[in-house]
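Let me begin by presenting the structure, written as C-alpha cells, before commenting on it.
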Amino acid sequence: MLILHNPYASPASGCHVVSGLAGLRANALRRIRYALLILLLPAIYNFICFSLLVDSLVGDLHMWMIYWAVNGMGFAALATAVWFLGLRLLEVLTVVVHKVFGSKATLENWNAALYEVLVRGPLLAVLGAIVWGIWVVAYYHLSVGFYMISIPTGIAGNLLAACLYVPLLYPWYSLERTEVTA
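For the sequence shown, the working numbering begins at 741 and goes up steadily by one.
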C-alpha cells in the first residue's frame, strides 16, 4: 500500500491511500526509474571509455566537440525517454500482446502481473550493471578480445533479462488458463 501526501490538502483531510492497480503501477514506475538510475552508471562509464578511444582517432577539435555533443544529447534523450515513457511503453506492449493472445483474462489482470514482475527490476539492474562493468573493464582496460568477453557477458545479460520476462509470461499464461476453466 502506498501513501501519498497532498501538499495542497487541508490539515484535517489527512493522507490518501492508493491501493490496488494504481498502487502497483506507482511502485512499478518507481522501480523502473531506480533500475534506470542503476544502469546509467555503467552506461556513462562505457560512453566515457568509448569516447576516449575514439578521441585519439579524431584529429580535429571541431569534430571532437560535435561528436561529444551529439552523442551526449542522444544519451540524455534516451535516458529521459525511458524515465518518462518506459512504463508506458511496456503497458502499450502489454496491450498489444493481450490483444493477440489474451482473449479470456482482463487487461487489468495482465497489467497487474506486469507491475508485480517489475518489482524485481532494480535487483536485476544491479546484477546487469555488474556484468556491464565487467565487460567495459575487460574490453577497454584489459584489452580482452571483443568476442572473448562479449559472449560470456552477453549470455549473462540475456539470462538476467529472462529473469524478468519469463516470470511475466507464466502469469499471463496462467491468467488465460484460469479464466478458461472458471
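Quick reminder that beta carbons are idealized off the backbone N, C-alpha and C, glycines included.
All values derive from a computational prediction rather than experimental measurement.
Applying the 10 Å Cβ sphere with the 16-neighbour rule, what's the burial state of residue i?
i    : result
G868 : buried
A809 : exposed
N898 : exposed
A845 : buried
L762 : According to the sequence as given, residue 762 is Ala; it is not Leu. Exposed: under 16 other Cβ atoms inside 10 Å.
P862 : buried
R917 : exposed
V757 : Unreliable placement is indicated for V757, whose pLDDT of 41 sits below 50; no coordinate value is reported for it.
T834 : buried
L764 : buried
V871 : buried
V792 : Reading the sequence as shown, one finds Leu at residue 792 and not Val. Classification for L792: exposed.
L818 : exposed
L779 : buried
A901 : exposed
I806 : exposed
L882 : exposed
Starting from residue i, trace the alpha helix (DSSP H) both ways and give me its first and last residue.
i    : result
A878 : Where A878 is concerned, there is no enclosing alpha helix (DSSP H), given that its DSSP letter is neither H nor E.
V857 : L847 to V857
**Study point:** Validate contact between the region 811-826 and the region 850-861 using beta carbons, cut 8 Å, 3 pairs
**Key:** no
Review point. Three or more beta-carbon pairs under 8 Å between the region 891-899 and the region 841-852, yes or no?
Key: no
Practice item. Decide if the region 872-882 is in contact with the region 771-787; the criterion is three or more beta carbon pairs, one per stretch, under 8 Å apart. Key: yes
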